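Quick note, the working numbering runs 92 ahead of the 1-based positions in the sequence shown. Structure, as structure tokens:
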Amino acid sequence: MKRIPWLQLVALNLLVILFILLPFLPGPYDTLAGALSAVAQTTGFIGLLLVPVAFVWLIQEIRLVTNKDVRRNNWTNGYYFANAAIVICIFIALFYALGFLLMAGPTSSVLLLIGAGLVFYKLLPSIKSLKSNNNTFHAAPLYLLSIPVISFVVRLLLIGPISDYSRNYAIENSQQLINAIEDYYVRNNHYPETIETLNYVPKPFIMGIEEFEYERNGDSYNVWFTQRQAIIATKEVVMYNKNDQHNIKGHYASFNTKKSHWRYYWLD
């Protein structure tokens, strides 16, 4: 395989990793970051269906390059493997279309199916050309193998640490808001009804966290923000209450943070 395909392979895998981590990185809030991360993370699960086909296909490609005496047929030249991969990819496209239909509506689902159809149509000549394949190494199985595996491993190993980072980063950025709330209490002898009455409301400055939220809670108050800890489920609510009177209904797990009076909760 020439240098440019290798660089394209590495670049595409790095892009998938970036998409997975995007909602947990510093920056202004961006709804697209969450959508890209969900797609990239899902690839790490459903894309594993391609791994057995891609692995065997890769072995055949290596044999063709290293052994000139391999008998040529539609198995050894990768034609049947390519068709099997296309069938699996159609199933994956339908899965994504269903997800888009449920979450974003029919327009996005139809556009995705049209886009997938165009991609498959463009790939047909390349698949047919495999029947007359010379001994050139084809990179397709490397793409089909590396992208799902790397996506799955990154999701498995890095989402926990990177979500810890984004949580702690947003907590640090909330200190200005907490100080402003306490200053308001000193001046007025009661906490504000809403944070809109404050002169300045800072942002979490994490791409997957939209804003800080606030409510009075008896003689205290709650400040919180939310982020997605997993692909679609597991909404994480991170809450501050200086009296440790946190109250989140419907959570199935809760944890302490490194900061006093902060806890975070996981909800379905």
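Note that beta-carbon positions come from the ideal geometry of N, C-alpha and C, so glycine has one too. Only a predicted model underlies this, so the values are computations on that prediction, with no experimental measurement involved.
Distance between beta carbons of residue j and residue i, contact taken as under 8 Å
| i | j | result |
| --- | --- | --- |
| S255 | F116 | 6 Å |
| H230 | G139 | About 19 Å separates the two Cβ atoms, so there is no contact after all. |
| V102 | T135 | With 8 Å as the limit, V102 and T135 do not qualify as a contact, their Cβ atoms being about 17 Å apart. |
| A185 | A208 | 4 Å |
| V292 | A272 | It should be noted that the sequence gives Tyr, not Val, for residue 292. With 8 Å as the limit, Y292 and A272 qualify as a contact, their Cβ atoms being about 7 Å apart. |
| L150 | L222 | That belief does not hold up - the Cβ atoms of L150 and L222 are roughly 14 Å apart, past 8 Å. |
| Y357 | H343 | 4 Å |
| L114 | L128 | 6 Å |
Run of the beta strand (DSSP E) containing residue i, from where it starts to where it stops
| i | result |
| --- | --- |
| R361 | With the chain running from 93 to 360 in the structure shown, residue 361 is simply not present. |
| W316 | S312 to R320 |
| V330 | K327 to Y332 |
| R308 | E305 to N309 |
Beta-bridge pairing of residue i - partner residues as DSSP gives them
| i | result |
| --- | --- |
| A345 | W358 |
| I273 | Looking at the DSSP assignment, I273 forms no beta bridge with any residue, so it has no partner. |
| Y283 | Looking at the DSSP assignment, Y283 forms no beta bridge with any residue, so it has no partner. |
| I109 | Bridge partners of I109: none, in fact. |
| P118 | I298 |
Candidates the options, of which the one nearest residue i by Cα
| i | options | result |
| --- | --- | --- |
| L106 | Q268, Q267 and V245 | V245 |
| K341 | K350, N348, V329 and N335 | V329 |
| Y121 | P294, Y332 and L150 | P294 |
| V179 | L150, T158 and L141 | L141 |
| L249 | R163, L99, I112 and P97 | I112 |
| E302 | K351, R163 and F317 | F317 |
| E307 | L114, T289, Y188 and L359 | T289 |
| M195 | G126, Y235, Q152 and P284 | G126 |
| A189 | I242, L204 and K334 | L204 |
| A177 | N348, I287, L236 and Q152 | L236 |
| K334 | P97, A345, G310 and R320 | G310 |
| L359 | F347, T158 and S352 | F347 |
| V145 | Y213, A232 and L269 | A232 |
| S201 | P217, V211, F187 and Y213 | F187 |
| V143 | S352, H343 and I242 | I242 |
| A345 | S352, L114 and K327 | K327 |
| Q319 | F304, S312 and P97 | F304 |
Chain C within 8 Å of residue i, Cβ atoms only
| i | result |
| --- | --- |
| N280 | Note that chain C does not occur in the displayed structure, where there is just one protein chain. |
The alpha helix (DSSP H) enclosing residue i, as first and last residue numbers
| i | result |
| --- | --- |
| E153 | V143 to T158 |
| T168 | Counting along the chain, T168 falls outside any alpha helix (DSSP H), and DSSP gives it neither H nor E. |
| I298 | It is not in any alpha helix (DSSP H) - I298 carries neither H nor E in the DSSP assignment. |
| G126 | T123 to I138 |
Any non-hydrogen atom of the ligand NAP closer than 7 Å to residue i Cβ
| i | result |
| --- | --- |
| I301 | Of the ligands one can find in the structure shown there are none, so the ligand NAP has no counterpart to examine. |
Restricting to runs no shorter than 4 residues, where is the alpha helix (DSSP H) found entirely within the segment 188-266? Secondary structure within the segment 188-266: the alpha helix (DSSP H) runs of 4 or more consecutive residues, fully enclosed, are 198-221 and 232-265 (chain order).
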